[in-house]
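Visitor:
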């Protein structure tokens, strides 16, 4: 949902020889403005940080070792320009989509458990616990955005640490908004999340030659006694030619017990068309084993260790496991044109949910950017989200989740005015 170093291999990793032999640079971006979102049980108008891209600061450095070898590092932290915090929550707070609380949808019967307590009460508590995890950097990690060290060689770069994933890089390259603002294609595939933005404990190999770029990534799960638990593997490759670009990526996760979980495939293409650039992106998302059910069951049994309650706890856990499965397609098409200090982008996004929820979403709109200088711009965002009957997606920003609308099937629109300064 942001981009500063997403194409690192083309910048810092394969830096120009004219760069200083040894250097450490302080860099960042401050993005804030007025953000209006309709359709939520929350204040509609807010001062928000990260409307276009998440506000951040960081250090990056490199040392020329000679002979085509170079070491580098990146440490990047986020911050909220409106509060000074290093984490944020959606405007809808801990609210989850209505379908996650619907007993009929979940397949859980309404059963009295105690005076004033039913299975609906328990499901609501589980929903609130899941909702409490919706946000950005809720663990307040100091360098949540990026933290890695690397060695650049004549035959590619090896990077180790917390990094952007190859699949998310594909969004940056082929999304006409480059993941900026509520108009980005990634904004309608967030609950549950369909693409891993970053991975910790990641080892990556990156190659760039002429217009060709490719990345292989393996992220260690470091969970339990098996190396396959929470493991992540991904790869991408794309080529930028004269007036066009094409690319593809694939990524797959294992859950905490080693079962194959969220897997995605992305295809992208771009072409110069008239005065601007046409971009398109197609993605598939599949997750049959999100791994939530076992945690829900264990949590409920810990609260009520009675053997008589265990079957119901298992039933509810399995219900949430099914509810969070994914099988969907995402399509994006957009057009961007630059004229003088102005940039105009229009885009259309469609999320086709093929699970039993059928929570389809489409978004469309326009973004106008006016460059006051090479480092400062003003941005006007206008985006509309249309939710089908069971969908509740709400517009967010480059640095925060939109959360959900007040009820299933309700649409929303976003009007924002943001000032962004890079240093």
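Residue numbers (our numbering): -9 to 413.
Positions of the beta carbon are idealized from the N, C-alpha and C atoms, including for glycine.
1. Compare the C-beta of residue 124 against all C-beta atoms of chain B and say whether one is closer than 9 Å.
2. I believe residue 220 touches residue 254 by the beta-carbon criterion, under 8 Å. Please report the beta-carbon distance rounded to the nearest angstrom.
3. For residue 73, does the three-state DSSP call read helix, strand or coil?
4. One question on the structure: do residue 69 and residue 89 come within less than 9 Å of each other, judged by their Cβ atoms?
5. Assuming residue 161 and residue 185 are in contact, meaning their beta carbons sit under 8 Å apart, how far apart are those beta carbons, in whole angstroms?
6. Decide if the region 259 to 276 is in contact with the region 291 to 308; the criterion is three or more beta carbon pairs, one per stretch, under 8 Å apart.
7. Can the beta-carbon of residue 175 be found closer than 9 Å to that of residue 271?
8. For residue 361, tell me which candidate among 333, 351, 116 and 263 has the shortest Cα-Cα distance.
9. What first and last residue would you give for the alpha helix (DSSP H) that runs through residue 311?
10. Around the Cβ of residue 130, are there at least 16 other Cβ atoms within 10 angstroms (buried) or fewer (exposed)?
11. Using the rule of at least 16 other Cβ atoms within 10 Å of the residue's Cβ for burial, across every protein chain shown, is residue 256 buried or exposed?
12. Would you grab the beta carbon distance between residue 261 and residue 98 for me? Rounded to a whole angstrom, and I think it's under 8 Å.
13. Going by the beta-carbon positions, is the gap between residue 341 and residue 319 smaller than 9 Å?
14. Considering only the alpha carbon of each residue, which of 351, 215, 313 and 355 lies closest to residue 325?
15. Alpha helix (DSSP H) containing residue 416: first to last residue?
16. Taking buried to mean at least 16 other C-beta atoms within 10 Å of its own C-beta, is residue 39 buried or exposed?
17. Would you kindly work out how many angstroms separate the C-alpha atoms of residue 65 and residue 48, rounded to a whole number?
18. In the DSSP output, which residue or residues are listed as bridge partners for residue 223?
19. Contact check, residue 87 vs residue 181 under 8 Å by CB: the rounded distance?
20. What first and last residue would you give for the alpha helix (DSSP H) that runs through residue 289?
21. Determine, using beta-carbon pairs with one atom in the region 26 to 41 and one in the region 390 to 397, whether at least three such pairs fall under 8 Å.
22. Going by DSSP, what residue range makes up the beta strand (DSSP E) through residue 180?
23. Am I right that residue 227 and residue 204 are in contact with their C-beta atoms under 8 Å? What's the rounded C-beta distance?
24. Pop quiz: residue 403 and residue 359 are said to be a contact at Cβ under 8 Å. What is the actual Cβ separation, rounded to whole angstroms?
25. Only counting the same chain, and skipping five residues up and downstream in sequence, which positions put a Cβ closer than 7 Å to that of residue -8?
26. If you drop the 5 nearest sequence neighbours on each side, which residues of the same chain put their C-beta closer than 7 Å to that of residue 79?
27. Can you tell me where the alpha helix (DSSP H) holding residue 118 begins and where it ends?
28. In whole angstroms, give me the CA-to-CA distance for residue 289 and residue 413.
29. Can residue 153 and residue 118 be called in contact, C-beta distance under 9 Å?
30. Any idea what DSSP makes of residue 492, helix, strand or coil?
31. Is it buried or exposed, residue 369, if we count other Cβ atoms within 10 angstroms and call 16 or more buried?
32. Identify the continuous beta strand (DSSP E) that holds residue 390 and give its terminal residues.
33. Using the three-state DSSP reduction, which class does residue 135 fall into: helix, strand or coil?
34. Between 365, 107 and 247, which has its C-alpha nearest residue 17's C-alpha?
Guide: On the basis of the coordinates in this document:
1. Considering every chain present, this structure includes no chain B. It has just one protein chain.
2. As a first step, residue 220 must be located in the chain shown, where it is residue number 230. As a first step, residue 254 must be located in the chain shown, where it is residue number 264. Incorrect: roughly 17 Å between the Cβ atoms, too far for contact.
3. In the chain shown, residue 73 corresponds to position 83, counting from 1. Residue 73 falls in the coil class under three-state DSSP.
4. Taking the chain shown and counting its residues from 1, the one referred to as residue 69 is at position 79. Taking the chain shown and counting its residues from 1, the one referred to as residue 89 is at position 99. Taking the C-beta atoms as reference points, residue 89 is found no nearer than 9 Å to residue 69.
5. Here the question's residue 161 lines up with position 171 in the chain shown. Here the question's residue 185 lines up with position 195 in the chain shown. The Cβ separation is near 7 Å, so the contact holds.
6. A contact is defined here as three or more CB-CB pairs under 8 Å, and the region 259 to 276 fails this definition with respect to the region 291 to 308.
7. Position 185 of the chain shown, counting from 1, holds the residue named residue 175. Position 281 of the chain shown, counting from 1, holds the residue named residue 271. Yes, the pair counts as a contact, with Cβ atoms nearer than the cut-off.
8. If you number the chain shown from 1, residue 361 lands on position 371. Of the candidates 333, 351, 116 and 263, the one whose C-alpha sits nearest the C-alpha of residue 361 is 333.
9. Along the chain shown, one-based indexing puts residue 311 at 321. Counting along the chain, the alpha helix (DSSP H) containing residue 311 begins and ends at 300 to 313.
10. Residue numbering aside, residue 130 sits at position 140 when the chain shown is read from its first letter. With fewer than 16 other beta carbons inside 10 angstroms of its own, residue 130 counts as exposed.
11. The sequence position of residue 256 within the chain shown is 266, counting from 1. Per the 10 Å Cβ criterion, buried.
12. Your numbering for residue 261 matches position 271 in the chain shown. Your numbering for residue 98 matches position 108 in the chain shown. In fact, because the Cβ distance is near 50 Å, the residues do not count as touching under 8 Å.
13. Residue 341 sits at position 351 when you count from the first residue of the chain shown. Residue 319 sits at position 329 when you count from the first residue of the chain shown. Taking C-beta atoms as the reference points, residue 341 and residue 319 count as a pair closer than 9 Å.
14. Along the chain shown, one-based indexing puts residue 325 at 335. Out of 351, 215, 313 and 355, the CA that lies nearest to the CA of residue 325 is found in 355.
15. Not covered by the structure: residue 416. The range shown for the chain is -9 to 413.
16. To locate residue 39, count along the chain shown from 1; it is residue 49. Per the 10 Å Cβ criterion, buried.
17. Numbered from 1 along the chain shown, position 75 holds the residue referred to as residue 65. Numbered from 1 along the chain shown, position 58 holds the residue referred to as residue 48. Here the alpha carbons of residue 48 and residue 65 stand approximately 5 Å from one another.
18. For the purposes of this step, residue 223 is taken as the residue at position 233 of the chain shown. 208 and 242.
19. Mapped onto the chain shown, residue 87 falls at position 97. Mapped onto the chain shown, residue 181 falls at position 191. Correct: roughly 6 Å between the Cβ atoms.
20. For the purposes of this step, residue 289 is taken as the residue at position 299 of the chain shown. 282 to 293 is the extent of the alpha helix (DSSP H) around residue 289.
21. Segments in contact, yes.
22. The residue you call residue 180 lines up with position 190 of the chain shown. Unbroken run through residue 180: none, as it is neither H nor E.
23. Looking up residue 227 in the chain shown gives position 237. Looking up residue 204 in the chain shown gives position 214. Confirmed, about 4 Å.
24. Translated into the one-based positions of the chain shown, residue 403 becomes position 413. Translated into the one-based positions of the chain shown, residue 359 becomes position 369. For residue 403 against residue 359, the beta-carbon gap comes to about 19 Å, at or over 8 Å, which does not count as contact.
25. The sequence position of residue -8 within the chain shown is 2, counting from 1. Low local confidence applies: a pLDDT of 46 at residue -8 is under 50, so the model's placement there is unreliable, with the coordinate-based value given in what follows. Answer for residue -8: 43, 44, 169, 388 and 389, listed in chain order.
26. Working through the chain shown from its first residue, we reach residue 79 at position 89. These residues qualify, in order along the chain: 124 and 125.
27. Along the chain shown, read from residue 1 onward, the residue named residue 118 stands at position 128. That run of the alpha helix (DSSP H) goes 109 to 121.
28. Stepping through the chain shown from its first residue, residue 289 is reached at position 299. Stepping through the chain shown from its first residue, residue 413 is reached at position 423. C-alpha of residue 289 to C-alpha of residue 413: approximately 46 Å in a straight line.
29. The sequence position of residue 153 within the chain shown is 163, counting from 1. The sequence position of residue 118 within the chain shown is 128, counting from 1. Not closer than 9 Å, so no.
30. Nothing in the structure corresponds to residue 492, since the chain is present only between -9 and 413.
31. Position 379 of the chain shown holds residue 369. Under this definition residue 369 is a buried residue.
32. Locating residue 390 in the chain shown gives position 400, where the first residue counts as 1. Boundaries cannot be given for residue 390, as no beta strand (DSSP E) includes it and DSSP labels it neither H nor E.
33. In the chain shown, residue 135 corresponds to position 145, counting from 1. In the structure shown, the three-state DSSP call for residue 135 is coil.
34. Your numbering for residue 17 matches position 27 in the chain shown. Considering only alpha carbons, the answer is 365.
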